[in-house]
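With the numbering used here as the guide, the letters of the sequence shown map in order to residues 326 to 406.
Here's the structure we're looking at; comments come further down.
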Amino acid sequence: MKTTVEISDALAREAKALAARERITLRELIETGLRQVLRDRRTKAVFRLRDVSVAGNGLQPEFRGADWERIREAAYEGRGT
326 MKTTVEISDA LAREAKALAA RERITLRELI ETGLRQVLRD RRTKAVFRLR DVSVAGNGLQ
386 PEFRGADWER IREAAYEGRG T
């Protein structure tokens, strides 16, 4: 199948130079690259963040309605200066 694809001049020059060094056609280089990308995308597992939430009733009573500054102060209380 013939198709037209626009790529940057710099990328085209680099691809042509690589194809020449490897003694393959630009078409072979492009097809190899596309196959690799398609294979990688097909087999790449989607990252899923494991649910590590815990059962509970929310914040402790003394922190309900507190702003982040108060919660952070309590978390670092007794550490450092």
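Backbone N, C-alpha and C fix where the C-beta goes; we use that ideal spot for every residue, glycine too.
Note that the coordinates shown come from a computational prediction; the quantities given were computed from them, not determined experimentally.
- When Cβ pairs closer than 8 Å are counted between the two stretches, the segment 353 to 360 is seen not to touch the segment 373 to 380, the count staying below three.
- Glu398 and Gly381 have their alpha carbons spaced roughly 22 Å apart.
- Per DSSP, the unbroken alpha helix (DSSP H) holding Leu363 starts and ends at Leu351 to Thr368.
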